[in-house]
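Participant: Protein chains in written order, with this note's numbering: chain A, 1 to 354; chain B, 355 to 708.
There are 2 protein chains.
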Amino acid sequence: MTLEQIISGIEAASKDFVAQARSRTAKLVMPQRALGDLHVIGERLCGISRTLTPSVKKKALLVIAGDHGIVASGVSAYPQVVTGEMVKTFLRGGAGINVLAHQIGAQVIVMDAGIIPDIPQQTSEGGRLIVRKIARGTGDFSKEPAMTRDQAESAILKGFEAAKELFEEGLELLGTGDMGIGNTSPSSAIGAVIIRVPVERITGRGTGVDDDGFQRKCEAIKRGIELNNPNAEDPLDVLSKVGGFEIGAIAGAVLAGAFFKKPIVIDGFISGAGALIAHGLCPVVTDYLFAGHKSAEQGHHIMLEYLGLSPILDLEMRLGEGTGAALAMHVIEAAARVMNEILTFEEAEVSKDK
Amino acid sequence: MTLEQIISGIEAASKDFVAQARSRTAKLVMPQRALGDLHVIGERLCGISRTLTPSVKKKALLVIAGDHGIVASGVSAYPQVVTGEMVKTFLRGGAGINVLAHQIGAQVIVMDAGIIPDIPQQTSEGGRLIVRKIARGTGDFSKEPAMTRDQAESAILKGFEAAKELFEEGLELLGTGDMGIGNTSPSSAIGAVIIRVPVERITGRGTGVDDDGFQRKCEAIKRGIELNNPNAEDPLDVLSKVGGFEIGAIAGAVLAGAFFKKPIVIDGFISGAGALIAHGLCPVVTDYLFAGHKSAEQGHHIMLEYLGLSPILDLEMRLGEGTGAALAMHVIEAAARVMNEILTFEEAEVSKDK
C-alpha cells in the first residue's frame, strides 16, 4: 500500500458509538460517571472499534529501534553501542519493558528499523525481533539530512506493515515503544519544527546529560534545524531532515491503528514525535490514540497538548521502551471491562431515586 | 488485643532496607531512576517488608460497609436502602470493585461493620461477606453523637481483626474500600476537625447532590461539629462523635498493616478519613500507606497532603468501594516486579560509560 492509499483509507472514530456508549455508562450501578476517566476511555474504545463491547485483551508492545548519527555530536550520556545491547536485553527478557509487558500478558515485538549492528531475526524468551532495517543509523542531522525522503517514507511504511501484521494476527491493543541512543534529539527537533516552539522549551536531558551536554544538545538541534530548514507543513520533509528511523516507523504504526480501527497507546517523548509526524500526515489519527503517560522528559506535555491528548498516568517515568504505554494498558483494559462487566441499576435491582 | 497494645506494637518502616533498595535501583539497566515513581514505590515496599525482593501477588480489597443516621438530614442523593443493595451487588460480582479486583486477581472481602439490614455471612461469586456489625447504622451526628466511645473502639478493633485474619491467610497487599450511603459527610467532618480546615473546603458533592443538597450537607456537618464538639487531639472522640463504623474499621485495617508490616493501599475520601483516625492514634502508620488515587471528591487532596502521601493515579474517579485502590495495585505490583526482575547493567552486559 502507498502512503497516499493509507491516508485516504483512514476515517474518524464513530461519534454514534461514543454516544451509545455514554447512554450505557449513565445506567451503570453507581453515581453518574463516578469512574471518571475510565468512562471516557471506555467510550472512546467503543467509538474506535464500532462496538459497545470493546475488547483489548490481546495486547502487544512494538518496540522500534534505530541508531542516530547525531550521537557523534555529543548529545547523549550513553555510547551508541547501547542501542544494540539493549535490543539484545529485550530479547533476553531482562529490560523494563519485558517486565511491564509480562505483567499484563502483552507480547513484546522488537523491530530493527535501522540500528548499526546486525542481530538476526528471532523469537526468544523476551520477545520477537523483526528486522526491517532501512540503513545502519541515520546521518548526523546537525551536519546533513538524517535520511533521504525515500527512506523516511520507507520507515513509515515498514512501521505500518509491522503493525498491520499484528492486527491481522488478532491484536486488539498496540503500544508503541522506542530504543535508540540519541533519539530524544531528533524528537525535540521534530517537536520544535512542527509545533513551532523554541528548541530549549521542548528539549530535555534525555538519558541524563549534564549541563554542558544539555547545552551541546540544544546547539546541535538548533544547528540541524537551521542547516536543513525542514518544511513544517510537510511531515515527510521534517522526518527525513531531522528525524529517525524508529520515529518514522512509530508514525507508521499510528497510521495503522487508525487505518485498521484499532486503539494505539503511545509511550513518551519519542512516540510523541512519531505521533506528531502521523498527525501531520492525517490529523484524524488522534481519534485512535491514547497517551499512556506524561513523561518526565521536558517538553513531552507540549506534544500531548498539541495533539489534544490527556495522559493516563503521570509517574515521573522517562525510560522509553514502551514502558509508559505498557503500564497504562492496564487502565485501558479496566475501562473496557467497566463497559462490559458492571451491572446497570436495573440489572442489580438497586434503587436509583429517593 | 487492645488498642494500646496494637499502637505500641507498631514500628517505623526500615530506612536501612530503603537505602539498600536504592542501591539496587541505581544498578538497573536504564538511566538513573528512569522509572520514576515506580522506584520510589518499590523501595518503600522493601522498607515495609524488610526485604529486597518484595512480593505483592496475594491481594485483597476489604470493602467495609456501614449506614449513617445523618442521611435523615438530607445529605445524600441516594436513599439509605442502597447501602445494603450495593452489598448484595458486591456479592453478586456486578459492581465496579468486583470488575477491577477481578482484573488484578484480588479477592473482594465485604465487611458489614454496621449496615441496617441483615445479610447472612457468606461466600459467593463476587466475594466473601463477613458480618462484624456494631449497630444498625450510626446516630444522626447533626443531632447526637454518631456512636459511643466503646463502639468507636470496637469498630477499629473489628477492622484490625478482619485485616489480621487476611494477613494470617498469607495476604501481601490490602486495599481499603467503603460502602455507606451518606458516608462522605462523616468523612468531611473528620477531616475538618483533625486537619482544622473549614467544612466548605473539605466537603464535596459525594454521590452527586445538587446545590440545595450541598448547602444542607455543609450545614448538617457544621451543626454536628458544633453540637458534639469533638476533641481534635483524641481520634476516638472524633470518630465516636462525627464518624462512621466503616471509617473506624478502615482505621483498624490501616493499623493492622502497620502492625503486621504489610502495605495498605487506601482508596479515596472515606478511606482517607479512616487513615486520618489511624494517623491520629499512631502517626507512623503512613510509612505503610499508599494513596491509590486522588479522588474527584473535593477535599480529598487536603487529606493526602496532611498525611504526606502522593496519589498514584489521578483519573477523576469518585466511586469508592475500593476502586481507586484496586486500580493502583497494578502499579504497586509493577513496582515490586521492577525491584525483582529487571537486570542490572552488569547482568545484561550493557555498556554504562562512554
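We treat Cβ as the ideally placed atom computed from N, Cα and C, and that holds for glycine. Quantities reported herein were computed from a predicted structural model and do not represent experimental measurements.
1. Kindly list, in the order they appear in chain A, the residues whose Cβ is closer than 7 Å to that of B:VAL704.
2. Can you tell me whether A:LEU309 is helix, strand or coil according to DSSP?
3. Should B:GLY450 and B:ASP421 be called a contact, given that it needs their Cβ atoms to be closer than 8 Å?
4. Please list the segments of the alpha helix (DSSP H) lying wholly inside the stretch 243 to 293 of chain A, counting only runs of 4 or more residues, in order along the chain.
5. Please list the partners that A:ILE342 has in chain B, where partner means a Cβ-to-Cβ separation under 9 Å.
6. On the three-state DSSP scale, how would you describe A:VAL75?
7. Where do the N-terminal and C-terminal ends of the beta strand (DSSP E) with B:ILE418 fall, by residue?
8. What is the DSSP secondary structure of B:ARG486, counted as helix, strand or coil?
9. With the cut-off set at 8 Å, would you say A:LEU276 and A:GLY177 are in Cβ contact?
10. Is A:ASP112 close to chain B, meaning its C-beta is less than 8 Å from at least one C-beta of that chain?
11. Take B:THR640 and list the residues in its own chain whose beta-carbon comes closer than 7 Å to its own, dropping the five residues that flank it on each side.
12. Evaluate B:MET355 with the Cβ neighbour count: other Cβ atoms within 10 Å of its Cβ, from every protein chain shown; 16 or more gives buried, anything less gives exposed.
13. In angstroms, rounded to a whole number, what distance separates the CA positions of A:ALA60 and A:GLY175?
14. Please compile the residues from chain A whose C-beta is within a distance smaller than 7 Å of the C-beta of B:ARG378.
15. Quick one, which residues of the stretch 654 to 686 of chain B are near chain A if we go by CB-CB under 9 Å, in chain order?
16. Taking only the alpha-carbon atoms, compute the straight-line gap between B:ALA679 and B:VAL619 and give it to the nearest angstrom.
17. Would you call B:SER496 buried or exposed, if buried means 16 or more other Cβ atoms sit within 10 Å of its Cβ?
18. What are the residues of the stretch 360 to 394 of chain B that lie near chain A, defined by any Cβ-Cβ distance shorter than 7 Å?
19. My guess is that A:LEU45 and A:VAL338 are in contact by the Cβ rule of under 8 Å, so how many angstroms apart are they, rounded?
20. So A:ILE6 and A:PHE167 are in contact, right, with Cβ under 8 Å, and what is the actual spacing, rounded?
21. Residues in its own chain within less than 6 Å of A:SER187 by CB, not counting five upstream and five downstream?
22. Count the other CB atoms, across all protein chains shown, that sit within 10 Å of the CB of A:VAL284; report buried if there are 16 or more and exposed otherwise.
23. Spatial neighbours of A:GLN121 within its chain, please: CB distance less than 7 Å, with the 5 preceding and 5 following residues excluded, ordered by chain position.
24. Between B:GLY562 and B:PRO552, what straight-line distance do the alpha-carbon atoms span, to the nearest angstrom?
25. Across which residues does DSSP place B:SER478 in a beta bridge pair?
26. List the residues of chain B that A:GLU347 touches, going by C-beta distances under 8 Å, in chain order.
27. Would you call the stretch 288 to 301 of chain A and the stretch 313 to 327 of chain A touching, i.e. three or more CB-CB distances under 8 Å?
28. Leaving out five residues on either side along the sequence, give the residues of the same chain with a beta carbon under 6 Å from the beta carbon of B:VAL685.
29. With 8 Å as the threshold, decide whether the Cβ of B:ALA619 is near any Cβ in chain A.
30. Against chain A, with Cβ distances strictly below 8 Å, would B:VAL692 count as a contact?
31. Under a Cβ-count criterion, where at least 16 other Cβ atoms within 10 Å of its own Cβ denotes burial, should A:SER73 be classed as buried or exposed?
32. Which of the residues in the stretch 544 to 567 of chain B, read from start to end, lie with their CB under 7 Å from any CB of chain A?
33. If I follow the unbroken beta strand (DSSP E) through B:GLN314, where does it start and stop?
34. Listed in chain order, which residues of the stretch 570 to 585 of chain B have Cβ atoms closer than 7 Å to some Cβ of chain A?
35. Within its chain, find whatever has a CB closer than 8 Å to the CB of B:THR407; leave out the 5 residues flanking it on each side and keep chain order.
36. Determine which residues share a DSSP beta bridge with A:THR203 and list them.
Facilitator: Quick look at the numbers:
1. VAL82, GLU85, MET86, THR89
2. coil
3. no
4. 245 to 259, 269 to 281
5. GLY448, ALA449, GLY450, ASN452, VAL453
6. coil
7. 413 to 420
8. coil
9. no
10. no
11. HIS633, LEU661, GLY662, LEU663
12. exposed
13. 6 Å
14. By Cβ distance, chain A contributes nothing, its closest Cβ being about 14 Å from B:ARG378, past 7 Å.
15. ILE666, LEU667, ASP668, LEU669, GLU670, MET671, ARG672, LEU673, GLY674, GLU675, THR677, ALA680, LEU681, HIS684, VAL685
16. 6 Å
17. buried
18. VAL383, MET384, PRO385, GLN386, ALA388, LEU389, GLY390, ASP391, LEU392
19. About 10 Å separates the two Cβ atoms, so there is no contact after all.
20. About 13 Å separates the two Cβ atoms, so there is no contact after all.
21. PHE269, ILE270, ALA273
22. exposed
23. LEU129, ILE130, VAL131
24. 20 Å
25. B:GLY481
26. GLY448
27. yes
28. ILE666
29. It is Val, not Ala, that sits at residue 619 of chain B in the sequence shown. Closer than 8 Å: no.
30. yes
31. buried
32. THR561, GLY562
33. The displayed coordinates of chain B run from 355 to 708. Any statement about residue 314 of chain B would go beyond what the structure contains.
34. none
35. MET693, ASN694
36. According to DSSP, which records beta bridges pairwise, A:THR203 is partnered with nothing at all.
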